[in-house]
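Have a look at the structure below, then the notes.
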Amino acid sequence: MQIQVFADKHVGGGAVAQEATESIASILDRFADHLTRVEAHITDVNGHKGGSEDKKCSLETRPKGQPPVAVTHRAETAEEAYLGAAESMAHLLDSKFGRLHHAKGGETIRHLVAD
1 MQIQVFADKH
11 VGGGAVAQEA
21 TESIASILDR
31 FADHLTRVEA
41 HITDVNGHKG
51 GSEDKKCSLE
61 TRPKGQPPVA
71 VTHRAETAEE
81 AYLGAAESMA
91 HLLDSKFGRL
101 HHAKGGETIR
111 HLVAD
């Protein structure tokens, strides 16, 4: 799983990108076998003006053999934004892969060998 983080100059640039990479990797590590790439874009919506919930993180993952999945989270700080987006993505991927691998909750009885 390759992780790419892009942060604009209003949120701290390289330092924030490095912290975000480590945090996103730790949260999404359990899906590493199912994902090819994760992209995070951390931006300051209002630029230098400030305001409430003006930091935004858009997180896009690319599952193997499936279309990309994306979430967005807005928060007061860049750290809260990328952590919130990573948690949202983890919940989304749990749901997506859970449905994919456990259709209707269990195995079928049609393929059982009769005793």
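The numbering of the sequence shown is full-length UniProt numbering, which starts it at 1 and goes up by one. Even glycine gets a Cβ: it sits at the ideal position worked out from N, Cα and C. Note that the coordinates shown come from a computational prediction; the quantities given were computed from them, not determined experimentally.
For Val16, the secondary structure class from DSSP, reduced to helix, strand or coil, is helix.
When the five nearest sequence neighbours on each side are left out, the beta carbons in the same chain lying within less than 6 angstroms of the beta carbon of Thr43 are those of Asp8, Lys56, in order along the chain.
Counting along the chain, His41 sits inside the beta strand (DSSP E) bounded by residues 35-44.
According to the DSSP assignment, Lys55 belongs to the beta strand (DSSP E) that extends over 55-63. Annotated three-state conformation of Thr21 is helix, per DSSP. Distance from the CA of Glu79 to the CA of Ala85, rounded to the nearest whole angstrom, comes to 10 angstroms.
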